[in-house]
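Input: a single structure, listed below in structure tokens.
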């Protein structure tokens, strides 16, 4: 080899030595008997031994106590021409702390292609393993929570495909997990287009709340649900999909229908009013007393249907400020012009958190009662007048009788005087 060639070879060797020494990974060489021949700074950092302390000693010094030496098995694979990549095992540092390392082991040959030893590159993956284990435990915990839920839970890809489900979803649809995953989310509802619009809304807005859908079971039965859904993202903030939870509202609908039946069964006008004074619901009694259809009443001002709008406004404001009113008098004006006198009893109603949602008001028709009271008052007035006339008549008759008696006495007195004069 020429001097120039030797210089070039020395330069390459120096470069390789610099690369090895500057690596954060442990790069070592060992004989076929497992005796350590070289030890870089990365090995010092990972294992805690300096090169002077470890070179010439068996690599088995790094094995956990009581564990069999792995080197014969690894050398067997190397002799068979294999390259051992990403082999994870446990090693013990100088300070006694066990670490997990990922090893890549390669053969070392001499100039005649004879196997004379092995080199290894080791990376400390202890923290990564801990993180992986923590992630695994967290994943198992999350899966346990998901499966424990009685609500159907599902994850959906950006393309609208189901990527995961829980047991409640399987029960709601009658389809096995492997039959659900990869299929269109919209396919399991009575209104597929509405379901598709719902998850598209999640991806465009980030979430939806109480989105009504009806799940169709494979045997034909249906389940009314309200979906709450939001997107989930990776560490870079990129949207990966949507997580959706469905709440079965069948019992809620039954309760609502029961309440509606009670409301409609009442002959009294019943109405609910928002904090802004807008009508949010009415019963048939209110429709009859106003002559206005339900869809025309809802959303309009409560006070528009009374002969004294300001008094009506004052009444519902009093409910919001005090919580209720009792026997509040108003007069409802029918669209044909006739009036109905009523007494309102009203109170606020709240959500489960105690927030006031509106006012529930019931009106009792007192038109007949007021008419009867007016007639009774008129009758009493007439009776009082008659009694007064009777008293006047008695007084007049008494006076006339007294005059007659007085005239009679005067006549008798005159007669007596006449007789006396003649005698």
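Residue numbers (my numbering): 21 to 443. Quick reminder that beta carbons are idealized off the backbone N, C-alpha and C, glycines included. Small disclaimer: the values here were computed from a predicted structure and weren't measured.
Distance, residue j Cα to residue i Cα
| i | j | result |
| --- | --- | --- |
| residue 102 | residue 138 | 12 Å |
| residue 67 | residue 112 | 7 Å |
| residue 470 | residue 38 | With the chain represented from 21 up to 443, any question about residue 470 goes unanswered, as that position is not in the structure. |
| residue 308 | residue 161 | 58 Å |
| residue 438 | residue 408 | 45 Å |
| residue 85 | residue 110 | 11 Å |
| residue 42 | residue 69 | 17 Å |
| residue 268 | residue 281 | 22 Å |
| residue 381 | residue 247 | 32 Å |
| residue 27 | residue 254 | Interpretation of residue 27 is limited by its pLDDT of 47, a score under 50 that renders its predicted location unreliable; no figure is taken from the coordinates. |
| residue 284 | residue 236 | 31 Å |
| residue 121 | residue 62 | 13 Å |
| residue 148 | residue 119 | 11 Å |
| residue 288 | residue 242 | 36 Å |
Local Cβ density within 10 Å of residue i, reported as buried at 16 or more and exposed below that
| i | result |
| --- | --- |
| residue 371 | exposed |
| residue 424 | exposed |
| residue 76 | exposed |
| residue 117 | exposed |
| residue 252 | exposed |
| residue 222 | buried |
| residue 165 | exposed |
| residue 141 | buried |
Selected residue, minimal CA-CA separation from residue i, among the options
| i | options | result |
| --- | --- | --- |
| residue 218 | 210, 285, 231 and 226 | 231 |
| residue 128 | 293, 98 and 281 | 98 |
| residue 340 | 314, 405 and 379 | 379 |
| residue 286 | 437, 132 and 306 | 306 |
| residue 486 | 349, 256 and 41 | This structure gives no information on residue 486, because the portion of the chain shown stretches from 21 to 443. |
| residue 266 | 199, 185, 288 and 226 | 185 |
| residue 314 | 292, 330, 334 and 333 | 292 |
| residue 174 | 192, 388 and 65 | 192 |
| residue 65 | 226, 48, 44 and 259 | 44 |
| residue 169 | 323, 71 and 264 | 264 |
Per DSSP, cross-strand counterpart(s) of residue i
| i | result |
| --- | --- |
| residue 384 | 363 |
| residue 441 | Looking at the DSSP assignment, residue 441 forms no beta bridge with any residue, so it has no partner. |
| residue 350 | 362 |
| residue 127 | 138 |
| residue 110 | 120 |
| residue 182 | 176 |
| residue 370 | 376 |
| residue 265 | 173 and 248 |
| residue 91 | Beta-bridge pairing links residue 91 to no other residue. |
Supposed contact pair residue j and residue i - C-beta distance, whole angstroms, cut 8 Å
| i | j | result |
| --- | --- | --- |
| residue 347 | residue 375 | Not a contact, Cβ separation roughly 27 Å. |
| residue 233 | residue 205 | In fact, because the Cβ distance is near 10 Å, the residues do not count as touching under 8 Å. |
| residue 362 | residue 337 | Going by Cβ atoms, the distance from residue 362 to residue 337 rounds to 18 Å, so no, they are not a contact pair. |
Contact with chain D by residue i, beta-carbon distance below 8 Å
| i | result |
| --- | --- |
| residue 105 | Chain labels in this structure do not include chain D; a single protein chain is all it has. |
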